[in-house]
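Reviewing the structure listed below.
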Amino acid sequence: MSYPENRPFFKNFTEEQRKMHGPNKEAEEFTTVRRVYETPFMYDNLEAGNFCEISATKGIEFRSDDGYITITEDRPIVAVTVVGSGCVRAGYNIVEWWDEGENIDDIPEQLVKRQRVDNLNGMHPSVWLEILRQTTYGKNYTFDFVSRGETKDVVDVLKNLTHGYYENLQFSLYENTAHFRVGAKGKYPKKVTVRSGCKGTEDPGYSFAYYPGDYAIRLIELTVIDTVKK
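Here the sequence shown is numbered in our numbering, starting from -7 and rising by one per residue.
Printed below as a string of structure tokens:
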């Protein structure tokens, strides 16, 4: 790789850099404990809002972007793990930890307090697939009932679900796990908010299709600081 002549390039820290940004620091060290929250997320220190449904198999299905789970802890949080799946592919998870009065325009000398993981392609079985598979749940419905009379046949369902057979639908049926490392030394939050959604269209090919798609969360694991090495 070659760099432009006017672009600085350093093989090691210079003495000038060490004087300006030093001295060397010691790595932060602490022990942690993990706390796990599971669907339907009914806990005293947890608030859930703007969701569509609660399902035993899917978890809580949150409306894209403004659906949320906020968890408040008595100890500083250093990591968040989210387990769930999208209604369609191209899902994403967001974790935020703003203090009161802070926002994206007011972040002097600190990390941006919002992280996002994209390309979460795992999906949970839709009602269409449940009907096709004739599961216990699927036997309670018909294509016409779910599509309000807009479905012609099984081929029509598969065509709409796969956007013209290009989406490799079956291989999408799995779960996603997204991990977030939040905060920095001395600035670890005690409250985090988890959001989610999908960049795909839900129920494509029908008059009741909508974008962006919803996302279901089944489990959230928080890593909190137990003791700090002085």
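Virtual Cβ for every residue (Gly too), placed ideally from N, Cα, C.
Spatial neighbours of tyrosine 180 in its own chain (CB-CB distance under 8 Å, excluding positions within 5 residues in sequence) are listed in chain order as Pro68, Ile69, Val70, Val174 and Ile217.
Assigned with DSSP and collapsed to three states, serine 56 falls in coil, not helix or strand.
If you draw a 10 Å sphere on the C-beta of methionine 34, you find fewer than 16 other C-beta atoms in it, and that means exposed. Arginine 10 sits in a helix when the DSSP states are folded into three classes.
With fewer than 16 other CB atoms across the displayed protein chains lying within 10 angstroms of its CB, arginine 10 is exposed. Close CB contacts of arginine 210 within its chain, under the 6 Å cut and outside five residues either way in sequence, are with Thr31, Gly51, Val75 and Gly76 (chain order).
Of the candidates Ser118, Thr215, Arg125 and Arg187, the residue whose Cα lies closest to the Cα of isoleucine 61 is Arg187.
Restricting attention to beta strand (DSSP E) runs no shorter than 3 residues, the segment 20 to 85 encloses them at 22 to 30, 38 to 41, 43 to 47, 51 to 54, 60 to 64 and 69 to 78, ordered along the chain. Every unbroken stretch of the alpha helix (DSSP H) spanning 4 or more residues and falling wholly within the segment 93 to 138 is given here in chain order: 119 to 125. In this chain, the alpha helix (DSSP H) harbouring leucine 150 covers 146 to 153.
Its Cα nearest to that of glycine 192, the residue Pro204 stands out among Arg55, Pro204, Phe200 and Val184. In its chain, beyond the 5 residues on either side, Lys105 have a beta carbon closer than 8 Å to the beta carbon of glutamate 94. The residue among Ser199, Asp206, Lys183 and Tyr202 with its C-alpha nearest the C-alpha of glycine 189 is Asp206. Closest in C-alpha terms to aspartate 58, from the list Glu213, Ala170, Tyr29 and Asn42, comes Asn42. Between tyrosine 166 and the set Arg81, Thr73 and Gly178, the nearest pair of CA atoms involves Arg81. Taking 8 Å as the upper bound for CB-CB distance, glutamate 194 and cysteine 79 are in contact here, some 5 Å apart.
For threonine 185, the uninterrupted beta strand (DSSP E) run begins and ends at 183 to 190, by DSSP.
Annotation for glycine 114: Ser77, Tyr166, Glu167 and Asn168 place their beta carbon closer than 6 Å to its own, counting only its chain and skipping 5 residues before and after. The Cβ-Cβ distance between glutamate 53 and alanine 201 does not fall below 8 Å.
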